[in-house]
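Sequential numbering from 17 applies to the sequence shown in my numbering.
Where is the CB? At the ideal position from N, CA and C, for every residue including glycine.
Just so we're clear, the structure is a prediction, and the values are computed from it rather than from any experiment.
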Amino acid sequence: MNSKMPSQLPVLPIDCLKKIFECLDDNKVALHSCLLVSRLWCRVSVEILWRNIWDTVLQLYQLDALSKIFNTLIACLPNESKELLFNKGVFIPTPTSKFPLFNYPSFCKVLSILDLMIIDDEFKKITTNHESFILLRERNYLIAQEMLKLFMKEIPSLKKLVYYSDIYGSKIPNFINFSGARDCLKNLSEMRCSSNINSEFFYQLSKICHNIQSLTIEFSITNLDGLNDLIFSQNSLKSLSVMRCIDYDDKEDIDCAKIVPSLTKHANTLTKLFLQGISKLSFLPKFTNLQELDLSSGFEDFKELQYVIFPYLEILKLYYGYSEFEMLIKFLENNGRNLREFNVYGCNSNNSLNLAIAKFCPNLRSLYTQFKFDEIESLAVIFSSCQQLESFKTLCDKPYFEGKKLLEIVAKYSPKNFHELTLCNYVKLRKDDLESFFINWKTRIPQKSLSFIVNDSKFIKNSKNKKIIRKYKNLGIIKKFE
């Protein structure tokens with residue numbers, strides 16, 4: 017028998033490598049390590065790493081990471097751009113015919129304009145010391161201009177554009193007119209923007225880009241005509257988020273209303289809607305195909321909304337105060353049966369609401385609600401009625417509410433598929449009560465490993481609690497603790 021090892025291990029097909037490396041997309045450190053294995057591994061991992069470099073900036077917000085991204089982008093610039101910057105006093109490596117190993121910008125699927133400006137801003141040190149702020153801004157503008165030219169030319173098909181201009185305003189180059197911009201932007205599927213960027217940009221984008229499926233808008237005082245054109249020109253908008261500060265005056269409410277006619281064009285395709293700081297909801301009944309509705313702050317029109325039926329609604333998230341629970345209960349009576357997830361934040365706990373959840377929302381899998389310290393027994397009613405519940409998050413209105421009773425109810429009454437418990441900033445748990453809870457959980461049939469999340473730094477740092485958590489993690493009772 018020939019016992020010799022093969023001289024070369026078989027090479028995985030590139031498609032297989034891509035699927036494997038996709039699993040590392042959230043683990044940048046592990047993905048970086050793949051760069052050093054072979055040229056093939058390097059090529060595949062680089063493509064994934066550069067798909068969203070702004071995600072890397074957020075995860076690794078340090079000068080070293082920013083410096084590497086900045087220098088790589090500079091190296092990818094064509095010689096004419098390098099010469100322009102060099103002649104303007106931006107100290108970059110001398111223009112050369114030697115280019116990087118890969119065309120890194122071509123791998124980008126996400127472009128964040130503000131993050132690009134931030135990277136430039138972090139490197140004001142590359143200019144001569146003691147220069148005026150105006151001169152520094154001019155040079156940063158030039159860097160951004162040349163980099164945006166590079167992105168527009170090299171990215172074959174951008175998927176996501178993030179364009180906020182709250183701190184740089186008109187100093188952002190109008191990149192939509194750059195060479196290659198039409199091809200780069202025409203297949204956008206997701207966009208996040210502020211309404212105060214140049215209205216002409218929205219208008220021009222509306223002429224070339226018609227397939228945005230997810231749109232997030234931050235509102236401010238502005239002319240919305242161009243934004244209206246962009247919204248109306250889309251073929252199949254599925255997700256919309258509209259955010260406006262609640263301390264704006266009535267003029268902004270009127271401005272927000274101006275986009276409603278454009279929005280109603282998408283009444284049949286829109287399935288996900290998030291509204292923050294928008295009090296007038298009279299247009300909502302038109303969106304009968306909503307599957308997810310997320311409402312934040314006060315609402316003038318909920319009195320009418322309580323009677324509207326959304327036959328496909330599965331996720332409902334409500335933030336801030338609801339003083340009249342009867343309206344919300346009526347809404348649940350009409351729409352609760354199909355709900356898979358219901359979160360109600362920031363309102364005073366109300367036992368009638370919790371009992372209504374048990375009555376009208378039997379198919380819930382995830383729930384966040386609040387309890388008064390003397391009404392925690394209602395949780396057992398919810399568990400009994402909502403047999404598909406897998407995740408429960410709660411807050412009590414009394415600081416350091418004794419958690420023994422709550423844990424007893426969870427251990428005794430939670431459904432068989434329940435596996436995630438989150439306690440927010442209030443529960444006082446004794447060592448013996450915690451131990452008893454995990455002992456009871458261990459004997460459940462079927463026994464599912466538990467994700468146990470406590471938003472209380474004192475609890476997490478307590479050495480006795482740490483010891484118990486470690487013990488039951490080792491036994492496999494606790495899957496995750498944070």
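Classification of residue i by the beta-carbon crowding that lies within 10 angstroms, buried from 16 upward
| i | result |
| --- | --- |
| Cys32 | exposed |
| Gln229 | buried |
| Glu406 | buried |
| Arg155 | buried |
| Gly492 | exposed |
| Arg486 | exposed |
| Val45 | exposed |
| Ile446 | Note on identity: in this sequence residue 446 is Arg, with Ile being the wrong assignment. That one is exposed. |
| Asn68 | buried |
| Cys92 | buried |
| Asn227 | exposed |
| Ser128 | buried |
| Asn43 | exposed |
| Ser173 | exposed |
| Ile213 | buried |
| Ser400 | exposed |
| Gln220 | buried |
| Gly185 | Note on Gly185: pLDDT 49, under 50, position unreliable in the model; no value is reported. |
| Asp266 | Confidence in Asp266 is poor, its pLDDT being 49 and thus under 50, which makes the residue's placement too unreliable to answer from. |
CB-CB length for residue i against residue j, believed under 8 Å
| i | j | result |
| --- | --- | --- |
| Asp497 | Phe468 | The residue asked about is misnamed: residue 497 is Phe in this sequence, not Asp. At roughly 5 Å, the Cβ-Cβ gap stays under 8 Å, so Phe497 and Phe468 are in contact. |
| Tyr335 | Gly352 | That pair is no contact at about 18 Å. |
| Met168 | Ala197 | 4 Å |
| Leu253 | Leu286 | 6 Å |
| Phe37 | Ser61 | 6 Å |
| Gln322 | Lys346 | 4 Å |
| Ser312 | Leu291 | 7 Å |
| Leu355 | Cys377 | 5 Å |
| Lys165 | Ser257 | Rounded, the Cβ-Cβ distance is 30 Å, inconsistent with contact. |
First and last residue of the uninterrupted beta strand (DSSP E) at residue i
| i | result |
| --- | --- |
| Arg55 | Per DSSP, Arg55 belongs to no beta strand (DSSP E); it is in the alpha helix (DSSP H), Arg55 to Leu65. |
| Asp310 | Glu308 to Ser312 |
| Lys375 | Premise fails: Lys375 lies in the alpha helix (DSSP H), Asn367 to Phe376, not in any beta strand (DSSP E). |
| Gln292 | Lys288 to Gln292 |
| Thr280 | Not the beta strand (DSSP E): Thr280 falls in the alpha helix (DSSP H), residues Val276 to Thr280. |
| Ile392 | Looking at the DSSP string, Ile392 is not in any beta strand (DSSP E), and its letter there is neither H nor E. |
| Tyr361 | Careful: Tyr361 lies outside any beta strand (DSSP E) and carries neither H nor E. |
Span separating the alpha-carbon of residue i from that of residue j
| i | j | result |
| --- | --- | --- |
| Asp310 | Ile294 | 11 Å |
| Asp131 | Ser210 | 14 Å |
| Ser205 | Gln250 | 10 Å |
| Leu466 | Glu436 | 6 Å |
| Phe115 | Leu411 | 56 Å |
| Asn499 | Ile392 | Because the chain here runs from 17 to 498, residue 499 falls outside it and cannot be looked at. |
| Ser430 | Thr385 | 15 Å |
| Leu40 | Leu47 | 6 Å |
| Ser255 | Ser222 | 17 Å |
| Leu369 | Lys302 | 26 Å |
| Lys187 | Asn103 | 20 Å |
| Thr438 | Leu56 | 43 Å |
| Asn433 | Cys402 | 11 Å |
| Ser382 | Asn490 | 27 Å |
| Leu289 | Ser122 | 32 Å |
| Cys200 | Lys274 | 29 Å |
| Ile85 | Trp66 | 10 Å |
First and last residue of the uninterrupted alpha helix (DSSP H) at residue i
| i | result |
| --- | --- |
| Lys44 | Lys44 to Ser49 |
| Leu488 | Rather than Leu, the amino acid found at residue 488 in this sequence is Tyr. Unbroken alpha helix (DSSP H) run through Tyr488: Ser479 to Asn490. |
| Glu96 | Asn95 to Asn103 |
| Asn244 | Asp241 to Phe248 |
| Cys124 | Note, Cys124: premise wrong, no alpha helix (DSSP H); not H, not E. |
| Tyr335 | Looking at the DSSP string, Tyr335 is not in any alpha helix (DSSP H); the run it does join, the beta strand (DSSP E), is Ile331 to Tyr335. |
| Lys420 | Lys420 to Tyr429 |
| Cys200 | Ala197 to Leu201 |
Closest residue to residue i among the options (Cα-Cα distance)
| i | options | result |
| --- | --- | --- |
| Asn284 | Ile275, Lys104 and Tyr328 | Tyr328 |
| Leu177 | Cys225, Thr438, Tyr157 and Lys375 | Cys225 |
| Asp245 | Ser257, Val276, Ser236 and Met259 | Val276 |
| Val470 | Phe408, Tyr180 and Ala372 | Phe408 |
| Met207 | Phe217, Tyr179, Asn190 and Phe118 | Tyr179 |
| Gln161 | Asn119, Pro94, Lys125 and Ser122 | Pro94 |
| Phe218 | Asn239, Cys200 and Leu306 | Asn239 |
| Asp390 | Asn379, Phe235, Ile373 and Gly419 | Gly419 |
| Lys281 | Ser257, Met259 and Ile247 | Ile247 |
| Ile159 | Ile171, Ile134 and Glu170 | Ile134 |
Residue i at chain B interface by Cβ criterion, 8 Å
| i | result |
| --- | --- |
| Tyr180 | In summary, chain B is missing from the structure at hand, where a single protein chain is found. |
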